[in-house]
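Residue numbers for the sequence shown, in the working numbering: 1376 to 1591.
Think of the CB as a built atom: it goes at the ideal place given N, C-alpha and C, for glycine as much as any other residue.
Heads up: the structure comes next, in structure tokens.
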Amino acid sequence: MVVDIFVDTVKMELPIFVMATVTERPFSRLIKASKILCGVLCAAFEIAALVLFSVGGFIECVHFQVVALVCVVIVINIIELVITFLPIGPSHELKDICDIVFRVCSIIHLIFSLAVVYVGALKIEDLRKKRTESWLVKVLIAYTVWLLLSVIWIFIFSVHKHAILEKRKRGTSKNSERRTQQRTEKKSSAGRWSVVAVSVLLFVGTLFFTVASLSG
């Protein structure tokens, strides 16, 4: 499930990276394809985890809790895939609503996946009884804080993007639009690379914590 968390986080951050790097307008198909790919990967990891916990028995006292949480994660992931497959284009009036619902589902997906990892990790550390201070739990706490920062970054970018789109919808005269476009060309290029840098940093950090959690 740690890998599922990584893929779900990438699924939320990848559209930001695509919009910052791809200058051509029809990037919606690329974003949709990335969401579908990540959703399918999440489903594969979740089903594998469900089979492992069910067949292996995991730990008897937390077996039901973990299986129930994984089932909830699978249902949420199916909802995300259904939203992704909806025939809604970039100019559709329901596009904004679907994007919001998708992000909310992704965050809920992330929370329940973390719950599965925490329940399993805490029980494993209780059975070990070797260390009073668990390295794995510390890594998971740091991982959770890092994921929170990623979610905050995604929220800030979404709000900024929505504000820009609203300004474009309001519209201005052609002359003023050309002037503002010339003024913002340099700023937009600098801002684009800043977005790319933050996205890459968050991706590398998420990958690091994923590997650390798996090795712990």
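Which listed residue (the options) has its alpha carbon closest to that of residue i
i	options	result
V1514	I1527, V1534, L1489	L1489
V1442	T1384, G1495, T1581	G1495
H1535	R1567, S1509, W1510	R1567
V1479	E1455, K1498, H1467	E1455
D1379	S1481, I1406, V1430, F1439	S1481
A1423	I1406, C1446, F1439	C1446
W1528	S1509, V1570, L1405	V1570
Beta-carbon proximity check, residue i vs residue j, cutoff 7 Å
i	j	result
S1574	F1381	no
F1487	L1444	yes
I1483	C1473	no
L1389	S1403	no
L1577	S1525	yes
M1376	V1492	yes
V1448	E1468	no
I1453	F1477	no
Close beta carbons around residue i, own chain, < 8 Å, minus the five adjacent residues each side
i	result
S1548	The predicted position of S1548 is uncertain, since its pLDDT is 44 and thus under 50; no value can be drawn from it.
A1517	F1584
L1582	F1381
V1385	C1413, F1578, T1581
I1411	L1456, T1459, F1460
T1519	L1489
E1560	Caution is warranted here: a pLDDT of 49 is assigned to E1560, below 50, making its placement in the model unreliable, and the coordinate value is therefore given only provisionally. Excluding sequence neighbours, E1560 sits near nothing in its chain.
Counted within 10 angstroms of its Cβ, other Cβ atoms place residue i as buried (16 or more) or exposed
i	result
F1428	buried
S1551	Only weak support is given to the placement of S1551: the predicted model assigns it a pLDDT of 48, under 50, and the value that follows is read from those uncertain coordinates. Exposed.
D1471	exposed
I1451	buried
C1417	buried
S1466	exposed
I1475	exposed
Other residues of its chain near residue i: CB distance less than 6 Å, five sequence neighbours each side excluded
i	result
G1580	W1521
F1530	none
F1532	I1391
Own chain, CB closer than 7 Å to residue i, minus 5 neighbours either side, in chain order
i	result
Q1440	V1494
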